[in-house]
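Residue numbers (my numbering): 18 to 228.
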Amino acid sequence: MADDNETIKKKSQMIEFMFGRCDKLLDEGKPDEAVACFRKARGIAPEAGITWYNEGKSLYLSSKFDEAIACCDEAIKRSPEQWMPHALKAKCLFEFDRLDEATSEYEMALKVNPKIVETLVSLAFCWLIQKDLAKARDYAKTALEINSEKTLVLLREIDNVVAGMVFLEGEKVFMRLDDEFREEFEKIIRELEAEKKTLDEKKSSEKGGKK
């Protein structure tokens, strides 16, 4: 038993060391080299979902979306308690304009961890480009309650994308959201900004009352 524990410990240390090297390659803008690096790490511990996820992440950054999806599926199979493979798979599906499937994967990520702001805002975006403002607002509002600052930054990034137009349909045909619809989305953001201000004032008042 002691020998088994020592083997597991050494394997874990080796993987962590390799992850550091692989992440450095990503930081240096070398995703293809990072893919090979993460693949070696996965060979050390193929039973660990995180090794498949990291390989998938590097494949995504190399625009190898089909292969990245396959890695995500393996990661989900081995580590169903992790939300990240679902979110990464959703991003890959989005690249193929498979919006319904991407939305479902984000929903799965949210079931695993309902507190991730990026997932909530991604779902808001998915429903926004499907022109369901009610659902988009619900997800954005939930994200706001978790981290108002980050949520508004991400929503403003989405708004900047939508301003030029944004999403693809079918054979890479660009579509525009009409001005009236964009104004409605702007209204949602302004409402959320007002809610953030109210939340901040409430927190400030509560802190003052405790002194």
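Glycine is no exception: its CB is placed at the ideal position from the N, C-alpha and C atoms.
Bear in mind that the values here come from a model prediction, so they are computed numbers and not experimental data.
1. For residue 184, does the count of other Cβ atoms within 10 angstroms reach 16, so buried, or fall short, so exposed?
2. Who are the near neighbours of residue 217 in its chain, counting only those whose CB is closer than 8 Å to its CB and skipping five residues on each side?
3. Is the separation between the beta-carbon of residue 137 and that of residue 127 shorter than 9 Å?
4. Quick one: residues in its chain with C-beta nearer than 6 Å to the C-beta of residue 75, no 5 flanking neighbours on either side, listed in chain order?
5. If you draw a straight line from the alpha carbon of residue 62 to that of residue 40, how long is it in whole angstroms?
6. Straight-line CA distance for residue 202 to residue 33?
7. Could you check the C-alpha separation between residue 175 and residue 142 for me, to the nearest Å?
8. According to DSSP, simplified to helix, strand and coil, what is residue 187?
9. Using a Cβ-Cβ cutoff of less than 7 Å, which residues in the same chain neighbour residue 108 once the five nearest sequence positions on both sides are dropped?
10. Could you tell me the alpha carbon to alpha carbon distance between residue 211 and residue 144, rounded to whole angstroms?
11. Does the distance from the CB of residue 66 to the CB of residue 96 come in under 9 Å?
12. Would you identify the three-state DSSP class for residue 81, choosing helix, strand or coil?
13. According to the Cβ coordinates, are residue 42 and residue 70 closer than 9 Å?
14. To the nearest angstrom, how far is it from the Cα of residue 172 to the Cα of residue 121?
15. So, are the CB atoms of residue 156 and residue 140 less than 9 Å apart?
16. Skipping 5 residues on each side, what residues in its chain have a beta carbon closer than 8 Å to that of residue 133?
17. For residue 131, count the other beta carbons within 10 Å of its own beta carbon; 16 or more makes it buried, fewer makes it exposed. Which is it?
18. Hey, out of 73, 45, 35, 44, whose CA is closest to residue 57's CA?
19. Locate the alpha helix (DSSP H) running through residue 117, then write down its first and last residues.
Looking at the coordinates:
1. At residue 184, the pLDDT of 42 sits below 50, so the modelled position is not reliable; the number obtained from the coordinates is stated separately. Under this definition residue 184 is a buried residue.
2. Around residue 217: 165.
3. yes
4. 48, 51, 52, 55
5. 17 Å
6. 43 Å
7. Looking at the two C-alpha atoms, the distance is approximately 7 Å.
8. Confidence is the limiting factor: at residue 187 the pLDDT is only 39, short of 50, which leaves the residue's position unreliable and the question unanswerable from this model.
9. Counting only Cβ-Cβ distances below 7 Å, and skipping sequence neighbours, we find 77.
10. 22 Å
11. yes
12. coil
13. no
14. 20 Å
15. yes
16. 100, 104, 126, 127
17. exposed
18. 35
19. 116-129
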